[in-house]
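Letter by letter, the sequence shown follows residues 99 to 302 of the working numbering.
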Amino acid sequence: MPHDDHDHPHALLPSEPALRVKALETILTRKGLIDPAALDEIIDTYQNRIGPQNGANVVARAWSDPAFKAALLEDATSVVADLGYYGRQGEHMVVVENTPEQHNMVVCTLCSCYPWPLLGIPPGWYKSDAYRARAVREPRKVLAEFGVALPEGTSVRVWDSTAEVRYLVLPMRPEGTESLSEDELAALVTRDSMIGTGLPKEAS
């Protein structure tokens, strides 16, 4: 049975949490404790300018430019900062490279330390107790649950992010992508491949 909009006027109202947030914002603004323009800038940054696409751009460039890749592996903090990817949760970066011999995987066993400037907000599973415990204890099983099946000869190294250091995995470049541009390569890079719990997409 169809329902007209006037049957549910409450649907047009903000949710209770949204009302509370707005009320708090109004109070803090009136007291001069926050600047609405600065708050809007922060919200816009996290919604539109910070996310896995930043990390994907870094990976794609590393795949395309050997000199950039070497610099990235040597001093990731400076290199990504020069690209404009810096700030909270990204002050000290280390990039670890996947190879046929070694697959890298990132976890934060204490909390949920994560390279926000490059990957955005961490997924729920990354913060879960199960992932944080099992990634260290049985990484191959965890990877298998994410759909990552590694050759027996490939070792798995788990990196523990901390308040001092954030890690980003540089996945292996997919085969058959030699003719692709950086933008096309970036489209193949997934968030999980930069955590180590996934692989890049195959070229179509």
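For each residue, glycine too, the CB sits at the ideal point set by N, CA and C. Predicted, not measured: the structure shown is a model, and the values here were computed from it.
(message) Just to confirm my understanding: we take Pro-134, look at its own chain, exclude 5 residues before and 5 after, and list those with CB closer than 7 Å. What are they?
(response) Thr-127
(request) Kindly indicate which residue of Trp-223, Ser-279 and Pro-213 has the alpha-carbon position closest to the one of Val-178. (result) Nearest C-alpha to Val-178: Pro-213.
(request) Reducing DSSP to helix, strand and coil, say where Leu-163 ends up. (result) The sequence shown places Asp at residue 163, not Leu. In the structure shown, Asp-163 sits in coil (DSSP, three-state: anything other than H, G, I, E or B).
(message) Just verifying my parser: in three-state terms, what is the DSSP assignment at Asp-258?
(response) strand
(message) For Thr-207 and Pro-269, what's the separation of their Cα atoms in angstroms?
(response) 22 Å
(message) Just to confirm before moving on: does the CB-CB distance between Pro-150 and Leu-217 stay below 7 Å?
(response) yes
(message) Suppose you measure from the CA of Tyr-265 to the CA of Val-192; what does that come to, to the nearest Å?
(response) Going by the C-alpha atoms only, they are around 5 Å apart.
(request) Identify whether Met-270 lies in helix, strand or coil by the three-state DSSP scheme. (result) coil
(request) Express the C-alpha separation of Leu-131 and Leu-122 in angstroms, rounding to a whole number. (result) A straight line joining the alpha-carbon of Leu-122 with that of Leu-131 spans about 11 Å.
(request) Please name the residue, chosen from Asp-138, Cys-209 and Ser-291, that lies closest to Gly-309 on a Cα-to-Cα basis. (result) Here the chain comprises residues numbered 99 to 302, so residue 309 is not present and cannot be evaluated.
(request) Would you mind working out which of Pro-220, Val-157, Pro-272 and His-201 sits nearest Gly-251, comparing C-alpha positions? (result) Taking each of Pro-220, Val-157, Pro-272 and His-201 in turn and checking the Cα distance to Gly-251, the smallest one comes out for His-201.
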